[in-house]
Amino acid sequence: MLKKLILGLTIAAIAGIGTVSAQGIKRTPLQKVEFPDGYETVTAIAEIPSGGASGRHTHPGAETGYVLEGELELVIDGKPPLKLKAGDSYQIPVGAVHDAKAVGDKPMKVLGVYVVTKGKPLAEAAK
Numbered sequence: 001m002l003k004k005l006i007l008g009l010t011i012a013a014i015a016g017i018g019t020v021s022a023q024g025i026k027r028t029p030l031q032k033v034e035f036p037d038g039y040e041t042v043t044a045i046a047e048i049p050s051g052g053a054s055g056r057h058t059h060p061g062a063e064t065g066y067v068l069e070g071e072l073e074l075v076i077d078g079k080p081p082l083k084l085k086a087g088d089s090y091q092i093p094v095g096a097v098h099d100a101k102a103v104g105d106k107p108m109k110v111l112g113v114y115v116v117t118k119g120k121p122l123a124e125a126a127k
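The following block contains the structure:
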C-alpha cells in the first residue's frame with residue numbers, strides 16, 4: 001500500500017501537478033529533462049521539518065544535492081552518517097538505501113538533482 005501511495009504521488013509530482021509529501025519528506029519538482037537516453041534528470045526542492053526524517057528509501061539512479069537551509073544527518077547504508085549544513089553538498093550512489101534526518105531546531109531544505117531510469121518512480125520506500 002505504501003509503495004502504491006509513493007508511486008502515485010511521485011508520478012503526480014513528475015507530471016508537474018505540484019508538491020508531494022511522502023514519508024517525512026516534501027519534494028517540490030522544479031523541472032524534468034529527458035536526458036541522457038533512457039533516463040530523466042529531475043531537479044527538486046526537498047524539505048524535512050525540524051526533528052523529522054525522510055524515511056529509508058532508494059532512487060532508481062544517482063542523487064546529488066546542495067543543502068540550502070538547516071542541518072541534516074545523511075545515513076547511507078554501509079557508510080558512516082554524514083553531518084551536513086547549509087552550503088554543503090552530497091552524493092548518493094545509484095540504488096543506495098538512505099535516510100535524511102533534520103537535526104537542530106530548524107527545518108532542512110535541499111536542492112536535489114536526480115538522474116533516474118525513465119518511467120520508474122523517483123523514490124521507493126526501502127524494503
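So the sequence shown is numbered by the numbering used here: it starts at 1 and just counts up by one.
Beta carbons are placed, not taken as given, at the ideal position from N, Cα and C, and that holds for glycine.
Predicted model, so just to flag it, every value in this text is computed and none were measured.
Compare the beta carbon distance of residue i and residue j with 8 Å and say whether it is the shorter of the two.
i     : j      : result
Leu84 : Val67  : yes
His57 : Ala102 : no
Asp88 : Gly55  : no
Arg27 : Ala44  : yes
Starting from residue i, trace the beta strand (DSSP E) in both directions and tell me its first and last residue.
i      : result
Leu111 : Met108 to Thr117
Ser89  : Ser89 to Ile92
His98  : His98 to Val103
Arg27  : Ile25 to Val33
Lys85  : Leu82 to Lys85
Leu122 : Unbroken run through Leu122: none, as it is neither H nor E.
In angstroms with no decimal places, state the Cα-to-Cα distance between residue i and residue j.
i      : j      : result
Lys127 : Val115 : 21 Å
Pro121 : Tyr39  : 12 Å
Glu34  : Gly61  : 14 Å
Val110 : Gly104 : 15 Å
Gly24  : Ile48  : 6 Å
Pro80  : Glu73  : 10 Å
Gly78  : Glu63  : 17 Å
Gly119 : Ile76  : 24 Å
Quick check on the burial criterion: 16 or more other C-beta atoms within 10 angstroms. Buried or exposed for residue i?
i      : result
Ala13  : The predicted model places Ala13 with a pLDDT of 41, which falls under 50 and marks its position as unreliable, so this point remains unresolved.
Pro29  : buried
Val94  : exposed
Gly70  : buried
Gly112 : buried
Gly65  : buried
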